[in-house]
Amino acid sequence: MRRDLSDLAGRFRTAIADDAARRAADDDADRRRLAEAREARDALLDELVGFLGAVGIGARREGDDVLGVHGDVELRFVPRGEGDRVEVTWSTMGPRTARLYREPVLGQRWVLSVVRGRHEDRVPLVDQGMTWLMVDVLGLPAPAAEADPTAVVALTPAAPKQAPSDATSPEPTGPVRRL
27 MRRDLSDLAG
37 RFRTAIADDA
47 ARRAADDDAD
57 RRRLAEAREA
67 RDALLDELVG
77 FLGAVGIGAR
87 REGDDVLGVH
97 GDVELRFVPR
107 GEGDRVEVTW
117 STMGPRTARL
127 YREPVLGQRW
137 VLSVVRGRHE
147 DRVPLVDQGM
157 TWLMVDVLGL
167 PAPAAEADPT
177 AVVALTPAAP
187 KQAPSDATSP
197 EPTGPVRRL
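Set out below in structure tokens:
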């Protein structure tokens, strides 16, 4: 074989070997991401059992699923697929779908997504999503809102400094966002 063809063949062998190494590294990274996602999902499901039990709702594991029952309403968290996806169903849900997933933009925080027709609502699972599920789905009374000093600062203009007052004001409460 001519020397220039031999050199070209060598470059192709190098390119093929480099491509195989890149694919193997990508496959390893995918396996690690899936394993991390499954671990996060398993931890979430364990936390949900603990949370529902702490709230006073009958909660249990049924296989991989988490089931919470309050009155006549069943709330179920069902792991789906190989990653971190969790389907959320309840006995009174009607024509909508709901799921939990981790949002990379929010630092892998869990998000509740509820889809009705063409409309999708997405809220962080803690606090808004779980509050909506507990209040609107299961019919529990809404807890008092916890003051979030960063939200107050971000949503209100800076007030002039005043001398401290002895009067106490109630913590702000508001309606739960309807999904």
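Residue numbers (my numbering): 27 to 205.
Backbone N, C-alpha and C define an ideal beta-carbon position, used for all residues, glycine too.
None of these values were measured; they are calculated from a predicted model.
Alpha carbon of residue i to alpha carbon of residue j, nearest angstrom
{"i": "VAL92", "j": "ALA85", "result": "7 Å"}
{"i": "ALA80", "j": "GLY94", "result": "12 Å"}
{"i": "SER117", "j": "VAL163", "result": "9 Å"}
{"i": "GLY82", "j": "ARG59", "result": "34 Å"}
{"i": "ARG87", "j": "ARG111", "result": "17 Å"}
{"i": "GLY143", "j": "ARG37", "result": "54 Å"}
{"i": "ASP53", "j": "ALA47", "result": "10 Å"}
{"i": "ALA171", "j": "GLY97", "result": "24 Å"}
{"i": "ALA139", "j": "ASP30", "result": "What sits at residue 139 in the sequence shown is Ser, not Ala. Near 59 Å, if we compare the C-alpha coordinates of ASP30 and SER139."}
{"i": "LEU101", "j": "LEU132", "result": "25 Å"}
{"i": "ALA41", "j": "ARG57", "result": "24 Å"}
{"i": "LEU34", "j": "ARG28", "result": "10 Å"}
Distance between beta carbons of residue j and residue i, contact taken as under 8 Å
{"i": "ARG208", "j": "GLN134", "result": "Since the first residue shown for the chain is 27 and the last is 205, residue 208 is missing from the structure and cannot be characterised."}
{"i": "MET160", "j": "LEU151", "result": "The pair is not a contact, with the Cβ atoms about 12 Å apart (cut-off 8 Å)."}
{"i": "GLY109", "j": "ALA63", "result": "4 Å"}
{"i": "THR123", "j": "VAL99", "result": "So it is not a contact: roughly 17 Å between Cβ atoms."}
Residue i (DSSP reduced to helix, strand or coil)
{"i": "SER139", "result": "strand"}
{"i": "LEU34", "result": "helix"}
{"i": "THR118", "result": "coil"}
{"i": "ALA46", "result": "helix"}
{"i": "ALA124", "result": "strand"}
{"i": "ASP98", "result": "coil"}
{"i": "ALA66", "result": "helix"}
{"i": "GLU108", "result": "coil"}
{"i": "PRO150", "result": "strand"}
{"i": "ALA41", "result": "helix"}
{"i": "GLY82", "result": "coil"}
{"i": "LEU93", "result": "strand"}
Nonlocal neighbours in the same chain, by C-beta distance under 8 Å from residue i, ignoring five residues either side
{"i": "VAL137", "result": "LEU126, TYR127, ARG128, GLU129, ARG148, VAL149, PRO150, LEU151, GLY155"}
{"i": "ALA43", "result": "none"}
{"i": "ALA61", "result": "none"}
{"i": "VAL75", "result": "ALA85, ARG86, ARG87, VAL92"}
Own chain, CB closer than 6 Å to residue i, minus 5 neighbours either side, in chain order
{"i": "LEU105", "result": "Rather than Leu, the amino acid found at residue 105 in this sequence is Pro. Correct list, in chain order: ARG67, ASP90, VAL112."}
{"i": "GLY120", "result": "none"}
{"i": "ARG49", "result": "none"}
{"i": "THR115", "result": "ARG102"}
beta-carbon residue i near the ligand MG non-hydrogen atom, thresh 6 Å
{"i": "VAL112", "result": "This structure simply doesn't include the ligand MG, nor any ligand for that matter."}
Neighbour flag for residue i against chain C, beta carbons, 7 Å
{"i": "TRP136", "result": "Absent from the structure is chain C; it holds one protein chain and no more."}
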